[in-house]
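Chemist: Before we start, here is the structure in question, set down as structure tokens.
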Amino acid sequence: MTSAVVTGSSGLIGSEMVAMFDRLGWESHGVDNNMRRDFFGEDGDTTANLRRLLGSTKRFTHHDIDVRDRVGLGRLIAEARPDLILDCAAQPSHDLAARRPFDDFEVNAVGTLNLLEAARASCPESPFAFLSTNKVYGDAPNELELVELETRFDYADPDRREGIDESCRIDATTHSLFGASKAAADLLVQEYGRYYGMPTVCFRGGCLTGSTHASAELHGFLAYLARCIREGRTYRIYGHKGKQVRDNIHARDVCTAVLAFAESPRAGAVYNIGGGRSNAVSILEAIARFEDLLGRKLDREYVDEPRRGDHICYITDLGRFRGDYPGWELTVTLDDIFAEFVGQSGARASART
Ligand SMILES: NC(=O)c1ccc[n+]([C@@H]2O[C@H](COP(=O)([O-])OP(=O)(O)OC[C@H]3O[C@@H](n4cnc5c(N)ncnc54)[C@H](O)[C@@H]3O)[C@@H](O)[C@H]2O)c1
0 MTSAVVTGSS
10 GLIGSEMVAM
20 FDRLGWESHG
30 VDNNMRRDFF
40 GEDGDTTANL
50 RRLLGSTKRF
60 THHDIDVRDR
70 VGLGRLIAEA
80 RPDLILDCAA
90 QPSHDLAARR
100 PFDDFEVNAV
110 GTLNLLEAAR
120 ASCPESPFAF
130 LSTNKVYGDA
140 PNELELVELE
150 TRFDYADPDR
160 REGIDESCRI
170 DATTHSLFGA
180 SKAAADLLVQ
190 EYGRYYGMPT
200 VCFRGGCLTG
210 STHASAELHG
220 FLAYLARCIR
230 EGRTYRIYGH
240 KGKQVRDNIH
250 ARDVCTAVLA
260 FAESPRAGAV
270 YNIGGGRSNA
280 VSILEAIARF
290 EDLLGRKLDR
300 EYVDEPRRGD
310 HICYITDLGR
320 FRGDYPGWEL
330 TVTLDDIFAE
340 FVGQSGARAS
350 ART
């Protein structure tokens, strides 16, 4: 049997990973203190995911540990000595980071340092995967020349078709405090690979999605949009005429990327991970798709000021990861993702019961 420790195990990626480990017969230890509820209120509550995992898995143990608790985390890693560590616990919002800078940095940067040190002390040979973000590139992707099409922006340079790769610079650009705390963690994860030779990887995510996301206005683009249409809430579009483009990757495909790395790890690796051009959609296009599928109009409001830290057009170039792990592929299409959201109206509700 193989074992893993997953932080943020009640969240979108963490819970998907735990469920996948369980199907594979792995033992897993999840660390989550439901801080997403503290960040985003009722909308962010991840209790439903935890209950679902406890009810559906055979080899999962939950630990209500705060990743800022260095001693508690160290003890768990020392006892479990897992074969794989996946770091998914985070404060994920730009806007919230500006309001709560210490919480943001202590969870995102110090939490990851706590986990790295625990791993170095107890299981330095075990692959360590960190869920980083494309926000480590700050506003640099916004410097690219864009063309404005009817419903979206796109890159003007045809050579950019595949999107942003890992050579994009991460400094001398505005990140938001969230982007800065994630960049700090990203560099630490790389350094534990380079300096200590540990098998670490940063996955710099585009929009990671799936119907189990405890979506809130400040985080979880497609899931929150689906929730607004279903529940008749007003959706606010912030700037760029709603033509800003995000690429979406389903949580399942993120988890198979983590497994591919775990099977054949490297030290200090960095990969962009996202849905690529085929899974890219603008806010306007996503609204139109949901309205079409649900036969209902979205109540929307336009705020003529973009969110700070927002990318105008972000498409993930998956070339490096595909080159290193040719067996991995995207299996969930944009159509599949929309279908999952539309078919899931009762999924979260029933998971709550
Ligand atoms: N979802 C996205 O679109 C996206 C995009 C890029 C990167 N990422 C990164 O991927 C990772 C996973 O994202 P997600 O969407 O699954 O996030 P999520 O918010 O759904 O899950 C994170 C989990 O971490 C838990 N958590 C927060 N603070 C904690 C703490 N102090 N101690 C213990 N647990 C804590 C939360 O309660 C939550 O359940 C994060 O690091 C995030 O920054 C996500």
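Residue numbers (numbering that gives the first Met the number 0): 0 to 352.
Glycine is no exception: its CB is placed at the ideal position from the N, C-alpha and C atoms.
Would you check whether ligand 1 has a heavy atom nearer than 7 Å to the C-beta of residue 73?
Modeler: Numbered from its first residue, the sequence shown carries residue 73 at position 74. Result no, Cβ not under 7 Å from ligand 1.
Chemist: Spell out the partners DSSP gives residue 253 in its beta bridges.
Modeler: Here residue 253 refers to the residue found at position 254 of the sequence shown. Residue 253 pairs with nothing; no bridge assigned.
Chemist: Output the boundary residues of the beta strand (DSSP E) element that contains residue 223.
Modeler: The count along the sequence shown starts at 1 and reaches residue 223 at position 224. Premise fails: residue 223 lies in the alpha helix (DSSP H), 220 to 230, not in any beta strand (DSSP E).
Chemist: Please classify residue 325 as buried or exposed, where buried requires at least 16 other C-beta atoms within 10 Å of its C-beta.
Modeler: Within the sequence shown, numbered from 1, the residue matching residue 325 stands at position 326. It is exposed - the Cβ of residue 325 has fewer than 16 other Cβ atoms within 10 Å.
Chemist: Between the C-alpha atoms of residue 31 and residue 84, what's the straight-line distance to the nearest angstrom?
Modeler: Numbered from its first residue, the sequence shown carries residue 31 at position 32. Numbered from its first residue, the sequence shown carries residue 84 at position 85. C-alpha separation (whole angstroms): 14 Å.
Chemist: Whole angstroms are fine: how far does the CA of residue 264 sit from the CA of residue 127?
Modeler: Against the sequence shown, residue 127 aligns to sequence position 128. Against the sequence shown, residue 264 aligns to sequence position 265. For residue 127 and residue 264, the distance between alpha carbons rounds to 9 Å.
Chemist: Just to confirm my understanding: we take residue 295, look at its own chain, exclude 5 residues before and 5 after, and list those with CB closer than 7 Å. What are they?
Modeler: Along the sequence shown, read from residue 1 onward, the residue named residue 295 stands at position 296. The answer, listed in chain order, is 228.
Chemist: Using a Cβ-Cβ cutoff of less than 7 Å, which residues in the same chain neighbour residue 79 once the five nearest sequence positions on both sides are dropped?
Modeler: Counted from its first residue, the sequence shown places residue 79 at position 80. Taken in chain order, the residues that qualify are 2, 4, 28.
Chemist: Could you tell me the distance, in whole angstroms, from the CA atom of residue 9 to the CA atom of residue 53?
Modeler: Counting from 1 along the sequence shown, the entry for residue 9 is found at position 10. Counting from 1 along the sequence shown, the entry for residue 53 is found at position 54. Taking the straight line joining both Cα atoms gives about 10 Å.
Chemist: Can you check which of these residues, 306, 252, 302, is closest to residue 335 by C-alpha distance?
Modeler: Working through the sequence shown from its first residue, we reach residue 335 at position 336. It is 252 whose Cα lies nearest to the Cα of residue 335.
Chemist: With residue 86 as the anchor, note down where its alpha helix (DSSP H) starts and where it stops.
Modeler: Here residue 86 corresponds to residue number 87 of the sequence shown, with the count starting at 1. Careful: residue 86 lies outside any alpha helix (DSSP H), inside the beta strand (DSSP E) at 83 to 86.
Chemist: Identify which residue in 87, 88, 102 has its Cα closest to the Cα of residue 94.
Modeler: For the purposes of this step, residue 94 is identified with residue 95 of the sequence shown, where counting begins at 1. Out of 87, 88, 102, 102 has the C-alpha closest to the C-alpha of residue 94.
Chemist: So, are the CB atoms of residue 203 and residue 272 less than 8 Å apart?
Modeler: As a first step, residue 203 is located in the sequence shown; it is residue number 204 there, counting from the start. As a first step, residue 272 is located in the sequence shown; it is residue number 273 there, counting from the start. Cβ atoms of residue 203 and residue 272: closer than 8 Å.
Chemist: In this structure, how does DSSP classify residue 33 when only helix, strand and coil are distinguished?
Modeler: Taking the sequence shown and counting its residues from 1, one reaches residue 33 at position 34. Reduced to three states, the DSSP call for residue 33 is coil.
Chemist: I'd like to know if the stretch 214 to 230 and the stretch 295 to 307 are in contact, where contact means that at least 3 CB-CB pairs between them fall below 8 Å.
Modeler: Output reads yes: the stretch 295 to 307 touches the stretch 214 to 230.
Chemist: Thinking C-alpha only, which one of 70, 145, 140, 104 is nearest residue 114?
Modeler: Taking the sequence shown and counting its residues from 1, one reaches residue 114 at position 115. The option with the nearest alpha carbon to residue 114 is 70.
Chemist: Run through DSSP, which three-state label would residue 132 get?
Modeler: Taking the first residue of the sequence shown as position 1, residue 132 is located at position 133. Residue 132: strand per DSSP, three-state reduction.
Chemist: Apply the 10 Å Cβ neighbour rule to residue 57 and answer buried if 16 or more other Cβ atoms are within range, or exposed otherwise.
Modeler: On the sequence shown, residue 57 is found 58 positions in, with the first residue counted as 1. Per the 10 Å Cβ criterion, exposed.
Chemist: Please list the terminal residues of the continuous beta strand (DSSP E) segment that includes residue 298.
Modeler: Within the sequence shown, numbered from 1, the residue matching residue 298 stands at position 299. Element bounds for residue 298: 298 to 302.
Chemist: For residue 233, count the other beta carbons within 10 Å of its own beta carbon; 16 or more makes it buried, fewer makes it exposed. Which is it?
Modeler: For the purposes of this step, residue 233 is identified with residue 234 of the sequence shown, where counting begins at 1. It is exposed - the Cβ of residue 233 has fewer than 16 other Cβ atoms within 10 Å.
Chemist: Less than 8 Å between C-beta atoms, sequence neighbours within five positions excluded: which residues of the same chain meet that for residue 152?
Modeler: As a first step, residue 152 is located in the sequence shown; it is residue number 153 there, counting from the start. Excluding residues within five positions, the ones whose Cβ falls inside 8 Å are 145, 146, 239, 242, 243, 244, 281, 311, 312.
Chemist: With DSSP run on the structure shown, which of helix, strand or coil describes residue 93?
Modeler: Here residue 93 refers to the residue found at position 94 when the sequence shown is read from its first residue. Residue 93: helix per DSSP, three-state reduction.
Chemist: So, are the CB atoms of residue 106 and residue 50 less than 8 Å apart?
Modeler: Start at 1 with the first residue of the sequence shown, and residue 106 comes out as number 107. Start at 1 with the first residue of the sequence shown, and residue 50 comes out as number 51. Contact flag unset, no.
Chemist: Whole alpha helix (DSSP H) runs in the stretch 170 to 194 with 4 or more residues, listed along the chain?
Modeler: Counting only runs of 4 or more, we get 176 to 193.
Chemist: When you compare the CB positions of residue 34 and residue 254, do they come within less than 8 Å of one another, or not?
Modeler: Indexing the sequence shown from 1 puts residue 34 at position 35. Indexing the sequence shown from 1 puts residue 254 at position 255. Their beta carbons are not under 8 Å apart, which means residue 34 does not touch residue 254 by this criterion.
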